[in-house]
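Report on the structure given below.
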Amino acid sequence: MRLDKNDHLLERGLAVGDQWQLDSNPLEQEPYAQMFRMSRSNGEVARALEVAGAAFAFTEMLGPHCQRITVQDVMPQD
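Residue numbers are given in this note's numbering: position 20 of the sequence shown equals residue 43, and the series is strictly consecutive.
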C-alpha cells in the first residue's frame, strides 16, 4: 500500500492527540452520548456508517457495539 500526502497528514493529526478536544470537552461529549443512546435504542447494531469521522472519537465509542462499522471522512487536497 502506498501512502500519499493525505495519509501522512492524517497520521500527523492523530499523533497530536485530542487536538479538537473531542474527548475532553463536555460540549462535544453530550452529542456523542445522545447519538450512542439513539443508535442502541432498538438493540444491537449490526452495521453502522459514520460520516465525517474526524479523529474517530465517536467511532471508538460505537465500534465495540457493532458487528461492522464503516467510517468515511474527507481531507482537502492541495
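Even for Gly, the Cβ is constructed at its ideal location relative to N, Cα and C. Note that the coordinates shown come from a computational prediction; the quantities given were computed from them, not determined experimentally.
Sequence-distant residues of the same chain with beta carbon closer than 6 Å to residue i, five excluded per side
i	result
Arg-70	Arg-91
Leu-72	Thr-93
Gln-52	none
Residue i, DSSP secondary structure in three states
i	result
Ala-71	strand
Gln-44	coil
Arg-60	helix
Distance CB(residue i)-CB(residue j) smaller than 9 Å
i	j	result
Ala-75	Gln-44	no
Leu-85	Ser-62	yes
Nearest-angstrom beta carbon gap, residue j and residue i [assumed within contact, 8 Å]
i	j	result
Phe-81	Met-58	7 Å
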